[in-house]
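Structure record follows, encoded as structure tokens.
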Ligand SMILES: Cc1cc2nc3c(=O)[nH]c(=O)nc-3n(C[C@H](O)[C@H](O)[C@H](O)COP(=O)(O)OP(=O)(O)OC[C@H]3O[C@@H](n4cnc5c(N)ncnc54)[C@H](O)[C@@H]3O)c2cc1C
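Numbering (the UniProt record's numbering), first residue to last: 1 to 200.
The structure is reproduced here in structure tokens:
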């Protein structure tokens, strides 16, 4: 919660695996997450045989499940709404789209190999011309995170993107809770959330 008791808000720019993973961890743990996505994810061209725990899945099928999952946990997903600018303000960020203007406490840039918005926001870049982050995925701009292909030269994989998004959201949660945070569930949680639908 912020000082005025508004829920902490996170805007995620880009709804590929990296952005949706950040949104999932955020909403599942009590933050407000809004995702803007142009639906140009590379996953629509991919078929995964290398995502641990899933033998074989089409990229678009993977995305459909991921979208349903973040929606079910309460993310506000604006499919097809392109972000045109991101700027930091005194107490967070302003994000402009083709349709409207939005504000949030945190921003996660997950725009794939398109790094223009991160550049515009003023994030530092590495010598290899990708957004510079550490293992928490926070950029040089405080409370702005970058995840997935936007931070990696060529070493692009869905599993890595998903891990990046989770790391960013957990770091935001750690900041908000004032101590290192993790999102662990146990079988009783599955029964509580999914009831009779839980697999044996
Ligand atoms: C042909 C091909 C095959 C592949 N095969 C595999 C494979 O077998 N296994 C594997 O692990 N990986 C594979 N990949 C790589 C995998 O698809 C990427 O690693 C992954 O999609 C990167 O995720 P991301 O979220 O960083 O970016 P993306 O998936 O590219 O998603 C970025 C999203 O951000 C949106 N966006 C960008 N700018 C804006 C904006 N201004 N406003 C709103 N939305 C915006 C885009 O529309 C897009 O939907 C393959 C890629 C390709 C091209």
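Glycine included, every Cβ here is placed at the ideal spot set by N, Cα and C.
Taking the alpha helix (DSSP H) that residue 68 belongs to, which residues open and close that run?
Its alpha helix (DSSP H) spans residues 59 to 72.
Which runs of the beta strand (DSSP E), 3 residues or longer, sit entirely within the UniProt domain "FAD/NAD(P)-binding" (9 to 114)?
9 to 13, 32 to 37, 76 to 79, 83 to 89, 92 to 97, 101 to 104 and 106 to 109
To the nearest angstrom, how far is the alpha carbon of residue 23 from that of residue 125?
24 Å
If you draw a straight line from the alpha carbon of residue 132 to that of residue 141, how long is it in whole angstroms?
10 Å
Is it true that the CB of residue 20 sits closer than 8 Å to the CB of residue 87?
no
Assign residue 155 to one of three DSSP states: helix, strand, or coil.
Secondary structure at residue 155: coil, using DSSP grouped into helix, strand and coil.
Take residue 61 as the anchor and find which of 97, 77 and 41 has the nearest alpha-carbon.
Checking every option, the nearest Cα to that of residue 61 belongs to 41.
If you draw a straight line from the C-alpha of residue 151 to the C-alpha of residue 188, how long is it?
37 Å
Could you please give me the residues that DSSP links to residue 131 through a beta bridge?
125
For residue 37, collect the residues of the same chain with a Cβ closer than 8 Å to its Cβ; drop the 5 residues on either side in sequence, then sort them by chain order.
Result list for residue 37: 14, 15, 16, 19, 77, 78, 79, 80 and 81, in chain order.
Should residue 45 be listed as close to ligand 1, given that the test is whether its C-beta is under 7 Å from any heavy atom?
yes
Do you know whose CA, among 161, 91, 43 and 137, lies nearest residue 105's CA?
When each option's Cα is compared against that of residue 105, the closest is 91.
Excluding five sequence neighbours on each side, which residues of the same chain lie with their C-beta closer than 8 Å to the C-beta of residue 130?
115, 150, 151, 152 and 153
Can you give me the Cβ contacts of residue 117 inside the same chain, cut-off strictly under 8 Å, excluding the 5 residues immediately before and after it?
13, 83, 85, 86, 109 and 111
Spatial neighbours of residue 134 within its chain, please: CB distance less than 6 Å, with the 5 preceding and 5 following residues excluded, ordered by chain position.
none
Which two residues bound the contiguous beta strand (DSSP E) that contains residue 144?
144 to 146
Within 7 Å: the Cβ of residue 157 and any heavy atom of ligand 1?
yes
Using a Cβ-based criterion (distance less than 7 Å to any ligand heavy atom), does residue 153 qualify as near ligand 1?
Answer for residue 153: no, Cβ out of range of ligand 1.
Tell me whether residue 37 counts as near ligand 1, meaning its Cβ is closer than 7 Å to at least one heavy atom of that ligand.
yes
With H, G and I counted as helix, E and B as strand and the rest as coil, what does DSSP make of residue 179?
coil
When every heavy atom of ligand 3 is checked, does at least one fall within less than 7 Å of the C-beta of residue 98?
In the structure on display, ligand 3 does not appear, and the ligands it does have are ligand 1.
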